[in-house]
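Colleague:
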Amino acid sequence: MKKIKIKINNKKIICSPDKTIGQVAHENGIFIPGLCYHPDFPVKGNCRICVVEIKGEKKLSLSCEKIVRDGMEIWTDTERVKKSRNLNIELIFAEHIEKCPTCIWNVHCGLLGLAERYKIEIKRFPDRKSRRKIYRFANAVEIDGTQCIDCRNCLDACSLLQNINYLELKGKGVDQEVVPVKNKKIDCIYCGQCAVHCPVGAAQEQSQWEMVEKVLADKKKIVVAQFAPSIRVSIGEEFNLPASPSLGGPYGKILTGQVVAGLKELGFNYIFDVNFGADVTTMVEAQELLERIKNKGVMPMITSCCPAWVKYVEFYHPELIPNLTTARSPHIHSAGVIKTYWANQTNIKPKDIIVVSVMPCTAKKFEATRKELKVRGLYPVDYVLTTREFAWLLKKNNISFSNLKSSKADNPLGEYSGAGAIYGGSGGVMESALRTAQFLACGKNKGKICKTRLEFKEIRGLGGVKETIASVADKKLRVAVVNGIGNIEPVIDNLGKYDYIEVMACPGGCIGGGGQPIPTTDEIRKKRIAALYKLDKSKKIRKAHENKGVLEALVWLKEQDKLEYQVLHTGYKKRN
Amino acid sequence: MDILNKIRKAGLVGRGGAGFPTADKWEAVKKAKGANKYVVCNASEGEPGVAKDSYILENFSKEVVDGMKKAIDFLGAEKAYIYINHNYYKKFNKNLAKIIGKALIEFFIKPIDSGYIGGEESSILNAIEGRRVEPRLRPPFPTTSGLWGCPTLINNVETFYNVSLVMSNRCKKERFYTISGDCLWTGVFSFPQSWTIEKILKETKNYPKFPFFIQVGGEGSGEVLDSSQLRRPASGAGSITVYSVLKHKPENLIKGWLDFFLNESCGKCTPCREGVYRLREIMDLPNSDWRLFVDLLNNLEEISFCGLGCVVPIPIKSYVNNVLAKMPGNKINFKGLDKKIIGECFKQ
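Heads up: the sequence lines are chains A and B, in that order. Quick note on numbering: the first sequence equals residues 60 to 635 in the numbering used here. Quick note on numbering: the second sequence equals residues 217 to 564 in the numbering used here.
1) With a Cβ-Cβ cutoff of 7 Å, do S491/A and A603/A count as a contact?
2) Taking the Cβ atom as the reference point for each residue, do S481/B and G232/A lie within a distance shorter than 7 Å?
3) Does the CB of N105/A have a neighbour CB from chain B at under 7 Å?
4) State the DSSP-derived secondary structure class of F236/B, mapped to helix, strand or coil.
5) By alpha-carbon positions, which one of F498/A, I544/A, E474/A and R447/A ends up nearest to Q267/A?
6) Counting only beta-carbon atoms, is P487/B nearer than 7 Å to chain A?
7) Counting only the same chain and skipping the five closest in sequence on each side, list residues whose C-beta sits under 8 Å from that of R496/B.
8) Identify the contact partners of L565/B in chain A, using a Cβ-Cβ distance below 7 Å as the criterion.
9) Along chain B, which residues have their Cβ under 7 Å away from the Cβ of S143/A?
10) Would a C-beta distance cut-off of 7 Å place S293/A and P576/A closer than the cut-off?
11) Put D77/A into one of helix, strand or coil per three-state DSSP.
12) Spatial neighbours of N198/A within its chain, please: C-beta separation below 7 Å, excluding the five flanking residues on both sides.
13) If N252/B sits next to E279/B, beta carbons under 8 Å apart, how far is it from one beta carbon to the other, in whole angstroms?
14) Per DSSP, what kind of secondary structure is S303/A in: helix, strand or coil?
15) From this set, H302/B, V458/B, R447/B and I548/B, which residue's C-alpha is nearest S396/B's C-alpha?
16) Could you please tell me which residues of the segment 151 to 167 of chain A, in chain order, have their CB closer than 9 Å to any CB of chain B?
17) Got a sec? Which residues, its chain only, sit under 8 Å from E336/B by beta carbon, not counting five neighbours each side?
18) Does R496/B have its Cβ less than 7 Å from a Cβ in chain A?
19) Skipping 5 residues on each side, what residues in its chain have a beta carbon closer than 7 Å to that of V318/A?
20) Could you spell out the range, first to last residue, of the alpha helix (DSSP H) harbouring R587/A?
21) According to DSSP, simplified to helix, strand and coil, what is N549/B?
22) Which same chain residues end up closer than 7 Å to V488/A when comparing Cβ atoms and leaving out the 5 residues on each side of it in sequence?
23) Along the chain, where does the beta strand (DSSP E) containing G88/A start, and where does it finish?
24) Would you kindly report the start and end of the unbroken beta strand (DSSP E) that includes Q235/A?
25) Taking the straight line between their C-alpha atoms, what separation do you get for V396/A and M563/A?
26) Which residues in chain A sit within 9 Å of S481/B, going by Cβ to Cβ distance?
27) Smallest Cα separation from P76/A: which of H85/A, K70/A, A84/A and K64/A?
28) What residues of chain A sit near K326/B, judged by a beta carbon separation below 7 Å?
29) Using a threshold of 7 Å, state whether the C-beta atoms of D411/A and K280/A are closer than that.
30) Return the first residue and the last residue of the alpha helix (DSSP H) that C257/B is part of.
31) Go ahead and label K62/A buried or exposed: buried means 16 or more other beta carbons lie within 10 angstroms of its beta carbon, across all protein chains shown.
32) When the Cα atoms are used, what is the spatial distance from R537/A to I528/A?
33) My guess is that G491/B and E263/B are in contact by the Cβ rule of under 8 Å, so how many angstroms apart are they, rounded?
34) Rounding to the nearest angstrom, what Cα-Cα distance links A478/A and E611/A in this structure?
35) Check the Cβ-Cβ distances between E490/B and every residue of chain A, and say whether any is below 7 Å.
36) Taking the beta carbon of Q619/A as the centre, do at least 16 other beta carbons fall within 10 Å, making it buried, or is it exposed?
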């Protein structure tokens, strides 16, 4: 496409003619504020704060919707622009009741940032939404009507992105309100995409950091933290938040050691890495796959480590419950191992151990409360913090994350393979399981030539449904990876086409989870994913079955009476 | 002569209020590429003080349907809709259905709670598609991407009526005027479109003997003019509402307009949803901040999402400038508003 020349604030810019003013400004490091625009969604033009003035045009324009034209001259900060923009920000502030002291946003709140940048009078208009309700979805997500600024990103996330359609707009004008639908056939899956797309924290996780602070202060408890594969590649964003993603910033930085150090600083007694749990999951899942193939069990087998997907199956497609692998999810696996194997080794009473998972996910909060997961009467995981809550705790305690000296996770549950590392990206679970399933299948046929593959690049990345054929145990497995629950229906309609399916409810997988730093866009998802594969490549061990710690724990579990199944497997039930 | 040239030569413009050249619109839909094409007759008539579409449907249904058929034929449209408000549907559907016969024309009843915005053309598209009744971003315009993404011609009832007259060589370059308010002979009249407001009021024996002002183009969004400004044609949807100065207090008038827009705002954009709410709030405060009031009005004009938001300032500003500013003396006796403030804030 032929490039064109435009000017923004007198700066000459060459750009392609199919972009909006906002996109061109973003690419060139020119800041234009915006609240309702998100690259995941079509332009809405609701908040009206990205106003610019264009030479020769009678009215102001919106940079989110206006397409550039050759010779266009644009200004982003004239008196006219300021007047309209600031007034709209002030009007928006009056919709949002500031709950700053307990808001995990307050350290990098988009609204407060704008107020500071433009010297906004926050209280120019009296708050008008004090009587709005807070809608809570299980213990995972909430939408606080007293903070909603009517940008409607949550609606787009729930409908356009996830195709769940649990949220709707009730009423009109000043009375409009985002509410859950009344239709009993629709339910929230707790994915938290509404939260990760909300610019002001009105949709957010139901926080557990207060409870975690309390147990950390309780000296009688051994408080253990374990952190998910995808936390380490996203947490950096919380501490060097750039004005806009194009300005570079800390996307895709691997910060495993700093995460451990930060958790130690917060006072956790032990820190374990859920990558270990991921290796356990891979082992359990790969074995189940082989058994299903051998015993002609229910196929296709479908992954179950995404709790939003599990909720989706239980509510919308209970007929698929037999297809779900009985393997528990990684943090439940590692927590089960902590409260049994590790407790036994260290001689700590399981009931004195509190396990806190740091997850990229809001649905994990719900998962942790599932009764069927109890091991010897105890919930494996006691609390779940999102990446954002973890960052908030660090900030609240004035822990300078960027200056922390890298530290190592505790053993024996700190070791992990490259296969565990890639769990955080869409396709990662499948790739890890295939690496191990191929090996395990061969192990029994030592006479034959054993074909194994390490990398399955065709099922990586941000495609909606990714497919490949993988040879496992003399069989050509037809596998599919569903990236984002919004892409699930065509796969469910064609289940017979596949032998093994991975589903992650959030676009990009856990790195794009509902508990991740804001903003999360495709540009950022790609960088977080790339970091995971970099980590995989850097590991000497890249297959779960080579993780000695995991093998030892599994052997120990096998030796115990009735413990193995309790720690490693689970069941599902129809919900309505 | 083909239909487009005839319409162009007759100088037809849209009669919904915006006055867009009809031939240009028809040509744009004709030229646009799409799997299907649609025609919509806008019979929602949501602007208070305007009743001409009702009058036309009552008296000239044949012409309206004929105009629609001409559009269907010209465009090769798959289907046409009469987008009609509930009351009009009840009154006219039987007669219209008879005239429509087997033509590809269906009724679509305007959703009851959709209000004023339910008559805006891109909101009509959303209504017919079963979406939330709100305006759409433009571009793309309905002419290229309307119903289900297909090129769609949306014209007002009066426009289709006019097309029919043009095609049967009966066009007299007249238009319909709705006259209401503080006058005796209210109703819908047809006069040459060149006539001035003054002439129309005099001709209908409605020209008041008392101090008055008028609102032209609708009691919601119309411009307010005083008696010295009437030597101009009636713009917009062609309505004239007469107000007696004595009878109408500034506070009630401004509150009334704001209540109307507050009630009709769809809630999509900040300047309208929040701005109108705050404008109304200012009217209830003991000391009205007129500077902020005007800033909020200007913001609506400048950057609200759709035509509804943009017109909120029209009645209020024109009333202040054309009526209040011309009151004798300096004090207006209205919430601290005086001519100095009007001069500084309202005049532009």
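Beta carbons are placed, not taken as given, at the ideal position from N, Cα and C, and that holds for glycine. The structure displayed is predicted, hence computed values, not measured ones.
Modeller: Per the coordinate set shown:
1) Yes, these two residues count as a Cβ contact at 7 Å.
2) Yes, Cβ-Cβ distance for S481/B and G232/A is below 7 Å.
3) yes
4) coil
5) R447/A
6) yes
7) K471, L474, D475 and L478
8) Because residue 565/B is not part of the residues shown, which for chain B are 217 to 564, the question remains open.
9) Those are N515, E518 and I519, listed as they occur along chain B.
10) Yes, Cβ-Cβ distance for S293/A and P576/A is below 7 Å.
11) coil
12) Q265, K424, F425 and T428
13) With a Cβ gap of about 26 Å, N252/B and E279/B do not count as contacting.
14) At S303/A the pLDDT is 43, less than 50, meaning the model places this residue with poor confidence and gives no usable figure here.
15) V458/B
16) I151, A153 and E154
17) P351, C522, G523 and L524
18) No - not a single Cβ of chain A is within 7 Å of the one on R496/B.
19) F286, I290, R291 and I294
20) Unbroken alpha helix (DSSP H) run through R587/A: D581 to S597.
21) Three-state DSSP puts N549/B in a strand.
22) T362, C364, Y482 and E561
23) Here G88/A belongs to no beta strand (DSSP E), and DSSP marks it neither H nor E.
24) Neither: Q235/A is in no beta strand (DSSP E) and is coded neither H nor E.
25) 24 Å
26) Residues of chain A with a Cβ closer than 9 Å to the Cβ of S481/B are, in chain order, K231, G232 and V233.
27) The candidate whose alpha carbon is nearest that of P76/A is K64/A.
28) What K326/B touches in chain A: nothing, since even the nearest Cβ is about 14 Å away.
29) yes
30) Not the alpha helix (DSSP H): C257/B falls in the beta strand (DSSP E), residues Y254 to A259.
31) Classification for K62/A: exposed.
32) 5 Å
33) Taking C-beta atoms under 8 Å as the contact rule, G491/B and E263/B fail to qualify, at a distance of about 21 Å.
34) 18 Å
35) yes
36) exposed
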